[in-house]
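Student:
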Amino acid sequence: MSKLELGVCYYPEQWDQSLWREDARRMVEMGLDWVRLAEFTWSLIEPERGQFNWGWLDEVIDILGDAGLRVMMSTPTAAPPKWLINEYPEILPVGPDGRVRGFGSRRHYCFSSDVYLAESRRIATEYARRYGENRHVHAWQIDNEYNDHDTVLSYSDAARDGFRRWLEQRYGTIYNLNRTWGTVFWASGYTSFDQIELPNGLVANPNPTHALDFARYSSERVRLFNRAQVYIVRQFSPGRDITHNFMAGSFEFDHHAVATDLDIVGFDSYPLGNLLGSTLSDEDKHRYLRTGAPDYQGFHCDLYRSQGNGRMWVLEQQPGPVDWAEKNPSPADGMVRLWTWAAYAHGAQAVMFFRWRQAKFAQEQFHTALLRSDGSPDQAALELAQVVQERAVLPSATRQRASVAILLDYPSIWAADILPHDDAFPNAQIFREWYAGLRSLGVDLDFVGPEDDLTGYAMIVLPQSMIVSKDLAKRLRDSQAKLLIGARAGSKTADMHTPQNLAPGELADLVGVRVLRVESLPDLARESVRLQDGTQHEFTGWREIIETEHSIAACFSSAYRDGSPAIVQSDRAMYLAMIPRGPLLQTILTEALNWAGIPVTENNRDVRLARRGALVFAFNFGATPQILSDPEDRQYLVGTSEIPPYGVSVWIEP
Ligand code: GAL
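Residue numbers for the sequence shown, in the working numbering: 2 to 655.
In structure tokens form, the structure reads like this:
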């Protein structure tokens, strides 16, 4: 499984039956191995309760399989049929504004609906029983993109009732809940679990522990929903891998937790679709308008590969302009090939393109595909042909464990959203910026979750770990890794309280710091950090006033408490009392890597290097050619030492 496998998302139900056979033949001819099917087919298979219309799907599977393709079947729960919604309108999700979200698109269900959970089990059983042992079905996808269209948090009656039951289990008595939530504050105490409402539509901000518990509860509902179907598919389809397609930049549920129930972690990659809505600067958006951010593919593939213990697939790859972003530019020619190899370099075992043929009707007509709606090959098909040729010359390779890991923990991200103390607090963005900073220095990265094995890393970075448990602190200490720890680490307990010893709480011994006060500054404050070499770097936003007995690697230059420590270093940890960005971040990351003895390459804005086993990939996201400084005897398998714009070079490292 270490050669790149290729596939496509196919919607035969949207095309005349007379095209199916030819489609299958062309897919094979184009070098595809996999075809994903059926994630939006419920009402076609079961047009009325208990009436099943399997014939057409049976036939499609046979045609595809007989042509030589492996089928990834899906459960169809992302789009429940209208008859079911009419029977049980309470399945529909409710938005934060309290309005019921209606039928007519997709994802119109609430994770808290027990009725829907039972119906999902029922239909998953039908699909799994029908196709579980089918000789052409080799893998399964459960549902489709859990948080698509912001559907993880739902404020329905079912959610309220489920949340109350969940709280009762968690706290046992209302006294415990009141004490943990601190409801003595603003006299918001409860006398029974039945009084508790959901934290939306309030006059001011909700109690932070209430909000965090609702995030935890909602995340657990996603896990429960996914797991229920995984169990069914496993039972009826033994030996087949089960996956789900996670989204980019989605932190609304705990992906680590959901991933533990999957065999493969899937990722849907839309580098341009996600660019304009990102927090990149306008300059970078302009620069990468047709390539996507250079670290988009790497960030998500590394994150999901780590969650999948090495097993990660791109289940949907952007093939050209999408139709759903605020503006939908064309990728530069060559980018579909580049994204495909970047996914592989970062550990993907397979890349599937979304979709086979551009839709002729309904919602996604402007969304491109491998083929245009008339069946003629579009640019992505040409680039796929090149990937297929290149695949033939690349030896198999498996991605190895990196020496640097980023700790990413979902509850800490929720916590920072709940108590930002700074309207523009970059939160999840911090992870992307640190990731990009490290990658631009040529460092390969893993991600770890708070429960993961931390041993063996030379360095672990904690960009934003607001909640650090005693156990995690102990395992960080035992890991022997050098630690680079961002501001706010350990500043809240799991209950969203301030630790008794103040921030950084459980990390205090390790970093030797006590945070005395925090402030957040507007951009116009223009404060700076003075490094030991005398250079000054601007920063803004979050700042901490700390005391320490360890050596001070940098100080604040400020009208307020001038000279107070900005970076503190002990033998094991570097602690940052602010959130560095831009050149300051880059300088700190370089220093930290040097300190941990990790080799760095020269920072190049547009070029990224990634290693997969002995293979080294170089990607040029820029509009000008780039020359690699290479030893004379280097043998390129793909490309040369001059990488053209949007090009890829690959060689073997001895
Ligand atoms: C994904 C979704 C697909 C399709 C695609 C279009 O988010 O899973 O079904 O809508 O976007 O880019």
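All C-beta atoms, glycine included, are put in the ideal place defined by N, C-alpha and C.
Can you tell which of 654, 165, 517 and 318 has its C-alpha closest to the C-alpha of residue 8?
Tutor: For this step, residue 8 is matched to residue 7 along the sequence shown. Of the candidates 654, 165, 517 and 318, the one whose C-alpha sits nearest the C-alpha of residue 8 is 318.
Student: Using only the alpha-carbon positions, how far apart do residue 2 and residue 403 sit?
Tutor: The residue given as residue 2 occupies position 1 in the sequence shown. The residue given as residue 403 occupies position 402 in the sequence shown. Its pLDDT being 47, under 50, residue 2 is placed unreliably in this model, and the value from its coordinates should be taken loosely. The alpha-carbon atoms of residue 2 and residue 403 are separated by roughly 20 Å.
Student: Note down, in chain order, each residue of its chain lying with its Cβ closer than 7 Å to the Cβ of residue 321, except the 5 sequence neighbours on either side.
Tutor: Translated into the one-based positions of the sequence shown, residue 321 becomes position 320. For residue 321, where only same-chain residues beyond five positions count, the Cβ hits under 7 Å are 331, 332, 369, 379, 380 and 381.
Student: With a threshold of 6 Å on Cβ separation, who are the neighbours of residue 365 within its own chain once the five nearest residues in sequence on each side are excluded?
Tutor: Here residue 365 is taken as the residue at index 364 of the sequence shown, counted from 1. Closer than 6 Å at the Cβ level, and outside the excluded window around residue 365, lie 324.
Student: Who are residue 9's beta bridge partners in DSSP?
Tutor: Locating residue 9 in the sequence shown gives position 8, counting from the first residue. Residue 9 is bridged to 36 and 354.
Student: Beta carbon of residue 360, beta carbon of residue 374: below 8 Å?
Tutor: Looking up residue 360 in the sequence shown gives position 359. Looking up residue 374 in the sequence shown gives position 373. A contact, by the Cβ cut-off of 8 Å.
Student: Give me whichever residues DSSP pairs with residue 378 in a beta bridge.
Tutor: Sequence index remark: in the sequence shown, residue 378 carries index 377 (1-based). Paired residues: 372.
Student: Inspect the beta-carbon positions of residue 313 and residue 274 and report whether they are closer than 8 Å.
Tutor: Counting from one through the sequence shown, the residue named residue 313 turns up at place 312. Counting from one through the sequence shown, the residue named residue 274 turns up at place 273. Against a cut-off of 8 Å, the Cβ pair of residue 274 and residue 313 comes out as no contact.
Student: Measure the C-alpha to C-alpha separation of residue 503 and residue 494 and round it to an integer number of angstroms.
Tutor: Locating residue 503 in the sequence shown gives position 502, where the first residue counts as 1. Locating residue 494 in the sequence shown gives position 493, where the first residue counts as 1. So the two alpha carbons sit approximately 10 Å from each other.
Student: Are the Cβ atoms of residue 247 and residue 268 separated by less than 8 Å?
Tutor: On the sequence shown, residue 247 is found 246 positions in, with the first residue counted as 1. On the sequence shown, residue 268 is found 267 positions in, with the first residue counted as 1. Yes.
Student: On a Cα-Cα basis, can you pick out the residue from 105, 593, 241 and 264 that is closest to residue 363?
Tutor: The residue given as residue 363 occupies position 362 in the sequence shown. Closest option to residue 363, Cα to Cα, is 105.
Student: Determine, using beta carbons only, whether residue 608 and residue 615 come nearer to each other than 8 Å.
Tutor: Counting from one through the sequence shown, the residue named residue 608 turns up at place 607. Counting from one through the sequence shown, the residue named residue 615 turns up at place 614. Contact flag unset, no.
Student: Can you give me the Cβ contacts of residue 271 inside the same chain, cut-off strictly under 7 Å, excluding the 5 residues immediately before and after it?
Tutor: Numbered from its first residue, the sequence shown carries residue 271 at position 270. The answer, listed in chain order, is 249, 319 and 323.
Student: Can you find at least 3 beta carbon pairs, one from the region 159-175 and one from the region 122-142, that sit closer than 8 Å?
Tutor: no
Student: What are the boundary residues of the beta strand (DSSP E) that includes residue 167?
Tutor: Within the sequence shown, numbered from 1, the residue matching residue 167 stands at position 166. It is not in any beta strand (DSSP E) - residue 167 instead sits in the alpha helix (DSSP H) that spans 158-172.
Student: So, are the CB atoms of residue 458 and residue 480 less than 8 Å apart?
Tutor: One-based indexing of the sequence shown puts residue 458 at position 457. One-based indexing of the sequence shown puts residue 480 at position 479. Closer than 8 Å, so yes.
Student: Does any heavy atom of the ligand GAL sit closer than 7 Å to the C-beta of residue 368?
Tutor: By 1-based counting over the sequence shown, the position of residue 368 is 367. Yes, since a heavy atom of the ligand GAL falls inside the 7 Å radius drawn around the Cβ of residue 368.
Student: Are the CB atoms of residue 179 and residue 190 within a distance shorter than 8 Å?
Tutor: To locate residue 190, count along the sequence shown from 1; it is residue 189. To locate residue 179, count along the sequence shown from 1; it is residue 178. In this structure, residue 179 lies closer than 8 Å to residue 190 by Cβ.
Student: Using three-state DSSP, classify residue 556 as helix, strand or coil.
Tutor: By 1-based counting over the sequence shown, the position of residue 556 is 555. In this structure, residue 556 counts as strand in the three-state DSSP scheme.
Student: Let me confirm a value: residue 204 is counted as buried when at least 16 other C-beta atoms fall within 10 Å, else exposed. Which label applies?
Tutor: On the sequence shown, position 203 is the one that residue 204 refers to. It is exposed - the Cβ of residue 204 has fewer than 16 other Cβ atoms within 10 Å.
Student: In three-state terms, what does DSSP make of residue 566?
Tutor: Against the sequence shown, residue 566 aligns to sequence position 565. Correct three-state label for residue 566: strand.
Student: Taking 7 Å as the limit between beta carbons, can you name the residues of its chain near residue 423, skipping five residues before and five after?
Tutor: To locate residue 423, count along the sequence shown from 1; it is residue 422. If we look at residue 423 and ignore the five residues flanking it on each side, its Cβ neighbours are 521, 542 and 543.
Student: Expressed to the nearest angstrom, what Euclidean distance is found between the alpha-carbon atoms of residue 640 and residue 579?
Tutor: Translated into positions along the sequence shown, residue 640 becomes position 639. Translated into positions along the sequence shown, residue 579 becomes position 578. Whole-angstrom Cα-Cα distance: 42 Å.
Student: Would residue 43 and residue 80 be called neighbours here (beta carbons separated by less than 8 Å)?
Tutor: Walking along the sequence shown from the start, residue 43 turns up at place 42. Walking along the sequence shown from the start, residue 80 turns up at place 79. In this structure, residue 80 lies closer than 8 Å to residue 43 by Cβ.
Student: Among the residues of its own chain, which have a CB less than 8 Å from the CB of residue 405, if the five just before and after it don't count?
Tutor: Looking up residue 405 in the sequence shown gives position 404. Closer than 8 Å at Cβ, skipping near neighbours: 439, 444, 445, 446, 447, 458, 459, 460, 461, 462, 594, 597 and 599.
Student: Quick check on residue 292: buried or exposed, where buried means 16 or more other Cβ atoms within 10 Å of its Cβ?
Tutor: Reading the sequence shown from its first residue, position 291 is the one you call residue 292. With 16 or more Cβ atoms within 10 Å of its Cβ, residue 292 is classed as buried.
Student: Check residue 638 in the structure and name its three-state DSSP category.
Tutor: Taking the first residue of the sequence shown as position 1, residue 638 is located at position 637. The DSSP-derived three-state label of residue 638 is strand.
Student: Can you tell me the Cβ-Cβ gap for residue 518 and residue 546, rounded? I've got them flagged as a contact below 8 Å.
Tutor: As a position in the sequence shown, residue 518 is number 517, starting the count at 1. As a position in the sequence shown, residue 546 is number 545, starting the count at 1. That belief holds up - the Cβ atoms of residue 518 and residue 546 are roughly 4 Å apart, short of 8 Å.
Student: Comparing alpha-carbon positions, which option in 121, 166 and 168 lies nearest residue 145?
Tutor: Locating residue 145 in the sequence shown gives position 144, where the first residue counts as 1. Among 121, 166 and 168, the Cα nearest to that of residue 145 is on 121.
Student: Measuring only from the beta carbon, is residue 146 closer than 7 Å to any heavy atom that is part of the ligand GAL?
Tutor: Along the sequence shown, one-based indexing puts residue 146 at 145. Yes, the beta carbon of residue 146 sits closer than 7 Å to at least one heavy atom of the ligand GAL.
Student: Identify every residue that forms a DSSP beta bridge with residue 313.
Tutor: In the sequence shown, counting from the first residue as 1, residue 313 sits at position 312. According to DSSP, residue 313 bridges with 266 and 349.
Student: Does DSSP classify residue 105 as helix, strand or coil?
Tutor: Taking the sequence shown and counting its residues from 1, the one referred to as residue 105 is at position 104. Here residue 105 sits in coil by DSSP.
Student: Candidates 416, 108, 47 and 400: which alpha carbon is nearest residue 84's?
Tutor: In the sequence shown, residue 84 corresponds to position 83, counting from 1. When only C-alpha atoms are compared, the closest one is 47.
Student: Can you give the Cα-Cα distance for residue 1 and residue 50, rounded to whole angstroms?
Tutor: Because residue 1 is not part of the residues shown, which for the chain are 2 to 655, the question remains open.
Student: How would you label residue 396, buried or exposed, when you count the other beta carbons within 10 angstroms and need 16 or more for buried?
Tutor: Along the sequence shown, read from residue 1 onward, the residue named residue 396 stands at position 395. Exposed.
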